[in-house]
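In terms of UniProt numbering, the sequence shown opens at residue 1 and continues consecutively.
Encoded as structure tokens, the structure appears first; notes follow it.
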Amino acid sequence: MHPVRKQRLILILVLVALSSAAVGFVTYAMRENMDYFYAPSAFAAGEVPFEKRIRAGGCVVPGSVQRAGNSLDVQFVITDGEAELAVVFDKILPDLFAEGEAAVISGQLMQSGIMRADQVLAKHDENYTPPEVAESMVSQKGCTDGAKI
């Protein structure tokens, strides 16, 4: 092999190795910041990891919202039409949060099977629906506006 070709080949191999290492490091660093979305039926099937940051979405079951009298604590249940998930939240709920409306919850699933939310996102006035929420809610009949979240 000609020395110039050999030098180019080595340069290309080094660049490919360094690029692969960089992609690996970035993926490893982002792993802790990823929020995976699960529907309540995935919680019921046991497919959701405990005590890791995740997202869940569904409609708030009418009559399930219970507020503590002396604190901000709120307990409610969300459903995707197949299963239900109990949620506890200790902050101020968004103005658009209501029973029978869609919500996306970020938090951790505790060993007790209850999700401790650190963020609750309520349905927005616009028509945009995240694809994963729309897919999980196609068969939902508990929302006041059907499958539109």
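All C-beta atoms in this analysis are idealised placements derived from N, C-alpha and C, irrespective of residue type, glycine included.
No experiment lies behind these values; they were computed from the predicted model shown.
Using beta-carbon positions only, say whether residue i and residue j come within less than 8 Å of one another.
i           : j           : result
residue 109 : residue 115 : yes
residue 226 : residue 103 : Outside the shown range of the chain, which is 1 to 149, sits residue 226, and nothing can be said about it.
residue 98  : residue 40  : no
residue 77  : residue 93  : no
residue 50  : residue 111 : yes
residue 100 : residue 62  : yes
DSSP state of residue i, grouped into three classes?
i           : result
residue 112 : coil
residue 54  : strand
residue 82  : coil
residue 63  : coil
residue 121 : strand
residue 19  : helix
residue 71  : coil
residue 46  : coil
residue 103 : strand
residue 25  : helix
Shortest alpha-carbon distance to residue i belongs to which of the options?
i           : options         : result
residue 34  : 103, 55, 7      : 55
residue 71  : 60, 88, 58      : 88
residue 91  : 105, 25, 53, 26 : 105
residue 107 : 2, 96, 86       : 86
residue 81  : 68, 95, 66, 58  : 58
residue 117 : 27, 53, 66      : 53
residue 37  : 96, 30, 47, 28  : 47
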